[in-house]
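> Mind looking over this structure? Questions follow.
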Amino acid sequence: WDVLCKENSVQPVSRIPNGPNPGNCITLLRALSPSQAPQGGQATMLVLQESCTDTSGCSMVVHSPIDIPAANMMMSGADPSGIPLLPSGFAIWPAGVGGGASTSAAATPMAAGCIVSVAFQILISSLPSSKLNAESIATVNNLVSTTVQNIKAALNCV
């Protein structure tokens, strides 16, 4: 959700724990532009995010932009099935130290690492008959590339 929050102050609106792990939660976030933050301004778009880590060490973050009326409807207990969500996110699986099968007595273990999977669901146009243009493809390609680079930077990967 860097597109909505890049260089903006992010404030949690609501946090719901989801299981015994304190990092497993569903959070509603508000991104404020630098001009809005000092005055306590209101954002028009929120981000609904779920983060969790399972017992195998796999961690995932799934997020979706959501407008304020839809968030209010959801938090008031109304049926959320009519709320349009376009979830995106990533998962990180630990690869650990692998010995693997080897015929050599002096096998060197592989370095620890992880596998990262990134997924986006993006609405390019609300018209079903519209075709993708080169600019839309370049924008999505840039979004995916930038997101992967930001994940690598956060994990101190080369």
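For the record, in the sequence shown the residue sitting at position 19 is 25 according to the working numbering, with numbers rising by one throughout. In this text, a Cβ means the ideal position worked out from N, Cα and C, and glycines have one as well.
From the DSSP output, in three-state form, read off threonine 59 for me.
Threonine 59 falls in the strand class under three-state DSSP.
> What does a CB cutoff of less than 6 Å around asparagine 156 pick up in its chain, not counting 5 residues either side in sequence?
Counting only Cβ-Cβ distances below 6 Å, and skipping sequence neighbours, we find nothing.
> Ends of the beta strand (DSSP E) at serine 132?
Run containing serine 132: none; DSSP gives neither H nor E here.
> Starting from leucine 149 and walking both ways along the alpha helix (DSSP H), at which residues does that stretch end?
From DSSP, the alpha helix (DSSP H) with leucine 149 extends over 140-160.
> Would you tell me roughly how many angstroms separate the C-alpha atoms of alanine 84 and phenylalanine 126, rounded to the nearest one?
So the two alpha carbons sit approximately 27 Å from each other.
> Cutting at 7 Å between CB atoms, please list the residues of its own chain near valine 19, excluding the five before and the five after it.
Here the set comprises Leu34, Leu35, Arg36, Leu52.
> Can you tell me which residues form a DSSP beta bridge with phenylalanine 96?
Paired residue(s): Val67, Val124.
> Rounded to whole angstroms, what's the CA-CA distance from asparagine 30 to glycine 119? Just pull it up for me.
Distance between the alpha carbons of asparagine 30 and glycine 119: 22 Å.
> Should cysteine 64 and tryptophan 99 be called a contact, given that it needs their Cβ atoms to be closer than 8 Å?
Cβ distance < 8 Å, so cysteine 64 and tryptophan 99 count as in contact.
> Whole-angstrom Cβ separation of valine 68 and glycine 95, contact assumed at under 8 Å?
The Cβ separation is near 4 Å, so the contact holds.
> Please report the distance separating the alpha-carbon of glutamate 141 from that of asparagine 27.
Distance between the alpha carbons of glutamate 141 and asparagine 27: 42 Å.
> Less than 8 Å between the beta carbons of leucine 161 and leucine 129, yes or no?
In this structure, leucine 129 does not lie closer than 8 Å to leucine 161 by Cβ.
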